[in-house]
Amino acid sequence: MNSNETLKKLTAGMPLLHGGNQVTCVSQELASAFKPGDRLIVVESNGDLLHIPSDEYRLASQAVEKASLAFSKMGSVTDEAITGFYEAFARRLDADESWTPIQEANAKDVARAKERGRSTTRLKATEKMRNGMVVGLREWRDAPGRRGQVLDTIEHDGWLVEQVVAPLGVVAFVFEGRPNVFADATGVLRGGNTVVFRIGSDALGTAKAIVKHALNPALQQAGLPEGAATLVESASHASGWALFSDRRLALAVARGSGRAVAQLGSVARQSGVSVSLHGTGGAWIVADTTADADRFAAAVLHSLDRKVCNTLNTCCIPRERVDDLVPRFLHSLQQAGEKRGHGCKLHVAEGDESAVPQDWFATKVAVRRAEGDVEEPQAESIPVSQLGHEWEWEETPEVTLKIVEDMDEAVALYNQYSPQFVVSFITESEENWQRFYDTVNAPFVGNGFTRWVDGQYALNRPELGLSNWENGRLFARGGILSGDGVFTVRTVVRQTNPDVHR
9 MNSNETLKKL TAGMPLLHGG NQVTCVSQEL ASAFKPGDRL IVVESNGDLL
59 HIPSDEYRLA SQAVEKASLA FSKMGSVTDE AITGFYEAFA RRLDADESWT
109 PIQEANAKDV ARAKERGRST TRLKATEKMR NGMVVGLREW RDAPGRRGQV
159 LDTIEHDGWL VEQVVAPLGV VAFVFEGRPN VFADATGVLR GGNTVVFRIG
209 SDALGTAKAI VKHALNPALQ QAGLPEGAAT LVESASHASG WALFSDRRLA
259 LAVARGSGRA VAQLGSVARQ SGVSVSLHGT GGAWIVADTT ADADRFAAAV
309 LHSLDRKVCN TLNTCCIPRE RVDDLVPRFL HSLQQAGEKR GHGCKLHVAE
359 GDESAVPQDW FATKVAVRRA EGDVEEPQAE SIPVSQLGHE WEWEETPEVT
409 LKIVEDMDEA VALYNQYSPQ FVVSFITESE ENWQRFYDTV NAPFVGNGFT
459 RWVDGQYALN RPELGLSNWE NGRLFARGGI LSGDGVFTVR TVVRQTNPDV
509 HR
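Numbers 9 to 510, taken from the numbering used here, label the letters of the sequence shown in order.
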């Protein structure tokens, strides 16, 4: 007979089961750190041991509790009140008396991030960021509420059935360290949901200031329930693990990329929480043998204006077009670097070095990285197995080049090594484009620049998150999660004939 006991201590070497038939052992460091009241998550997919101190668990649990209570009250909140919240929030961000203390907090965050050698590209609370947040909030203000929308009506003799949009519940976000995520996170309120979010440690001070000077006053002014939008005020990763393991969540959304996001997704899934993950970013451009050189060069240039998830990361050029397309590719890469004033960096797949002028490998350039400027060769070789590595560049555009025999090889490489996110196929053949589309495993496929993958830009709807197919295709939805897509469906019967029976 099985029995359950509360875990009070760990001992070094203690075996822990995961994945059904795998064992991982507790380290001495973890055993020493674990205290009564703490929690331990064993990640089923890889055996990672995630230690959640009791204080961090309590912070996340209390935030979800507040959001759950607020959700129970959202049914009596009108769409007009929600509209009023977005306008009040936007006005406070637009007002200097609110924005000044937010900027002061942000300056401290930026200084701390620089001291730690962290990227500050998307951390700085600039006027452009401020205006973007205000515009985003007003887009939510003007977006129609979908609560109660009838999706379908099925009529029967004496009765009918309606499929009706309804709020989903408490939505949790874990964001990377940038302060402009508030417009994204609060977007779920439009559909009658509530939100709990944790922001990266780099931007936590800024986030607290936004909550104090803009978010909470706007919630109060509009009459929305306390806790409708709640920040988990912790810089610890453990608070994110605790948050995503809370089964009261209706949906967990992790923004950003890398191992930390994958880990969060695993925590949510094994806790029974539906999850939307961004995962690894980095777009691919594949040139066909029929590619127009001008269109190809423009696609490369316009996919490198800044580093975000949909920036060009890997480019495949067919061998028979090396002589004309590689020079165009290199010129576009150089142009992109010149526009930012910091040159460019190229990685060439091993075996393809002869396609690139040798002076690229001999020339040393200053590459701007998070830790500062670093002198490196302008071009370096990279194993084919690293074609999917996402280059997190700051001001120096950084791309991988692979020479392929044909489209089929490019598709095979993409399906094997890419994050299965964004791909663009430059071709003049409709037949080839269709075959490419049918065989490539990507949620976002185009025939030009890659930077179009953005909910606001492409769909005219504020975006809550993007998802790749790294962990499989998505059930019954696209890769762009928007605020109006966070809902459930209730089934309502309206009976007019009381004698209807089975």
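The beta-carbon is built from N, C-alpha and C at its ideal position, and this holds for glycine as well.
Where residue i falls: helix, strand or coil (DSSP)
| i | result |
| --- | --- |
| residue 6 | In the structure as shown, the chain begins at 9 and stops at 510. Residue 6 is therefore absent and cannot be evaluated. |
| residue 447 | helix |
| residue 424 | helix |
| residue 91 | helix |
| residue 129 | coil |
| residue 51 | coil |
| residue 183 | strand |
| residue 498 | strand |
| residue 59 | strand |
| residue 170 | strand |
| residue 281 | coil |
| residue 506 | coil |
| residue 339 | helix |
| residue 109 | helix |
| residue 194 | helix |
| residue 206 | strand |
| residue 299 | coil |
| residue 467 | helix |
| residue 135 | helix |
| residue 482 | coil |
| residue 13 | coil |
| residue 164 | strand |
| residue 20 | coil |
| residue 310 | helix |
| residue 151 | coil |
| residue 118 | helix |
| residue 473 | strand |
| residue 321 | strand |
| residue 157 | coil |
| residue 514 | Outside the shown range of the chain, which is 9 to 510, sits residue 514, and nothing can be said about it. |
| residue 70 | helix |
| residue 212 | helix |
| residue 103 | coil |
Residue i versus residue j - alpha carbon distance
| i | j | result |
| --- | --- | --- |
| residue 26 | residue 262 | 23 Å |
| residue 3 | residue 249 | As displayed, the chain neither begins before 9 nor continues past 510, which places residue 3 out of reach and without an answer. |
| residue 346 | residue 340 | 10 Å |
| residue 424 | residue 134 | 39 Å |
| residue 158 | residue 83 | 17 Å |
| residue 498 | residue 173 | 6 Å |
| residue 194 | residue 247 | 20 Å |
| residue 488 | residue 74 | 28 Å |
| residue 33 | residue 47 | 16 Å |
| residue 253 | residue 53 | 15 Å |
| residue 115 | residue 132 | 8 Å |
| residue 37 | residue 64 | 19 Å |
| residue 378 | residue 113 | 21 Å |
| residue 419 | residue 293 | 11 Å |
| residue 19 | residue 45 | 15 Å |
| residue 359 | residue 402 | 28 Å |
| residue 302 | residue 332 | 11 Å |
| residue 201 | residue 156 | 13 Å |
| residue 513 | residue 439 | Within the shown structure, residues of the chain are numbered from 9 to 510, placing residue 513 beyond reach of any answer. |
Where residue i falls, given that 16 or more other Cβ within 10 Å makes a residue buried
| i | result |
| --- | --- |
| residue 416 | exposed |
| residue 29 | exposed |
| residue 145 | buried |
| residue 182 | buried |
| residue 311 | buried |
| residue 150 | exposed |
| residue 481 | exposed |
| residue 286 | buried |
| residue 510 | exposed |
| residue 139 | exposed |
| residue 218 | buried |
| residue 141 | buried |
Three-pair Cβ contact test at 8 Å for the region 205 to 216 versus the region 494 to 510: no
Can we say the region 386 to 395 touches the region 352 to 371, given the rule of at least three CB pairs closer than 8 Å? yes
Can you confirm whether the region 435 to 448 touches the region 287 to 303 when touching is taken to mean that 3 or more C-beta pairs between the two stretches lie within less than 8 Å? yes
Runs of alpha helix (DSSP H) wholly within the region 353 to 433 (minimum 4 residues, chain order): 367 to 370, 415 to 425
Is the region 114 to 123 in contact with the region 234 to 254, if contact means three or more CB pairs nearer than 8 Å? no
How do the region 98 to 112 and the region 194 to 210 stand: do at least 3 beta-carbon pairs fall below 8 Å, yes or no? no
Quick check for students: name the residue ranges of the alpha helix (DSSP H) that lie wholly in the region 222 to 267, counting only runs of 4 or more. 224 to 230, 245 to 252
Answer yes if the region 447 to 464 comes into contact with the region 274 to 289, meaning at least three C-beta pairs across the two stretches below 8 Å, and no otherwise. no
Check whether the region 364 to 380 touches the region 260 to 280, counting contact only when three or more Cβ pairs, one atom from each stretch, lie closer than 8 Å. no
Counting Cβ pairs, one atom from each stretch, are 3 or more of them under 8 Å apart for the region 224 to 239 and the region 84 to 98? yes
Can you find at least 3 beta carbon pairs, one from the region 163 to 179 and one from the region 458 to 467, that sit closer than 8 Å? no
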